[in-house]
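K.L.:
Numbering (UniProt numbering), first residue to last: 1 to 143. Have a look at this one.
Here it is, written out as structure tokens:
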């Protein structure tokens, strides 16, 4: 199956945050990601399952890398541990630092605009915590 046949995955919003996330995946630093369950529900998307593959898009909407989900848990935000926080590949020292950054993002203007309201984000808020592995480079096909 080529990357054109895969569902796509977009980290954060296009721009520096997405670019840093894609670079962290490509370098091997990022092996986990977290999404707000409410965003999946709002979009009518199913929670990913282990074995599912995605083509991760860059800020220009082009495939950058293919990943395969190896583990998925829907857990309260407060249950994310230091190991998972570090696996996010963004340089978080621990779960507390990870949590502060994710709470800020989940309450951001972009997320609020998408959902039509600012979500309640606290230790009980459900998140989709995924671990993945890189299974192939993507990138523009030939000319």
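Using N, Cα and C, we set each Cβ at its ideal position, and we do this for glycine too. None of the values given here were measured: they were computed from a predicted structure.
1. Anyone know if the C-beta pair for residue 59 and residue 19 falls short of 8 Å?
2. Go to residue 86, then tell me how far its alpha helix (DSSP H) extends in each direction, as first and last residue.
3. Looking at the unbroken beta strand (DSSP E) that takes in residue 26, where does it start and where does it end?
4. Could you tell me which uninterrupted beta strand (DSSP E) segments, each at least 3 residues in length, are contained entirely in the stretch 42-82, listed from first to last along the chain?
5. Specify the secondary structure class of residue 132 as computed by DSSP and reduced to three states.
6. Between 91, 47 and 10, which lies nearest to residue 75 when the distance is taken from Cα to Cα?
7. Using a 10 Å radius around the Cβ and a threshold of 16 neighbouring Cβ atoms, would you call residue 31 buried or exposed?
8. Measure the alpha-carbon distance for residue 63 versus residue 123 and round it to whole angstroms.
9. As a quick exercise: from 112, 25 and 128, pick the residue whose alpha carbon is nearest that of residue 45.
10. Using three-state DSSP, classify residue 111 as helix, strand or coil.
11. Three-state secondary structure (DSSP) at residue 32?
12. For residue 107, collect the residues of the same chain with a Cβ closer than 8 Å to its Cβ; drop the 5 residues on either side in sequence, then sort them by chain order.
13. Which of helix, strand or coil does DSSP assign to residue 37?
14. Could you pull the start and end residues of the alpha helix (DSSP H) that residue 106 belongs to?
P.N.:
On the basis of the coordinates in this document:
1. As a working note, residue 59 is residue 59 in the chain shown. As a working note, residue 19 is residue 19 in the chain shown. Yes; because the gap between Cβ atoms is below 8 Å, this pair is in contact.
2. Along the chain shown, read from residue 1 onward, the residue named residue 86 stands at position 86. It spans 82-87 - the alpha helix (DSSP H) in which residue 86 sits, taken as one unbroken run.
3. Within the chain shown, numbered from 1, the residue matching residue 26 stands at position 26. It is not in any beta strand (DSSP E) - residue 26 instead sits in the alpha helix (DSSP H) that spans 16-27.
4. 53-57 and 63-76
5. Sequence index remark: in the chain shown, residue 132 carries index 132 (1-based). In this structure, residue 132 counts as strand in the three-state DSSP scheme.
6. Numbered from its first residue, the chain shown carries residue 75 at position 75. Of 91, 47 and 10, the residue nearest in Cα terms is 47.
7. Your numbering for residue 31 matches position 31 in the chain shown. Burial call: buried.
8. In the chain shown, residue 63 corresponds to position 63, counting from 1. In the chain shown, residue 123 corresponds to position 123, counting from 1. Residue 63 and residue 123: Cα-Cα distance of roughly 34 Å.
9. For the purposes of this step, residue 45 is identified with residue 45 of the chain shown, where counting begins at 1. Measuring from the Cα of residue 45, the nearest candidate turns out to be 128.
10. Residue 111 sits at position 111 when you count from the first residue of the chain shown. Correct three-state label for residue 111: helix.
11. Residue numbering aside, residue 32 sits at position 32 when the chain shown is read from its first letter. In the structure shown, residue 32 sits in a strand (DSSP, three-state: E or B).
12. Your numbering for residue 107 matches position 107 in the chain shown. Same-chain partners within the cutoff: 118, 119 and 121.
13. Translated into the one-based positions of the chain shown, residue 37 becomes position 37. Three-state DSSP puts residue 37 in a helix.
14. Your numbering for residue 106 matches position 106 in the chain shown. Here the alpha helix (DSSP H) through residue 106 covers 95-106.
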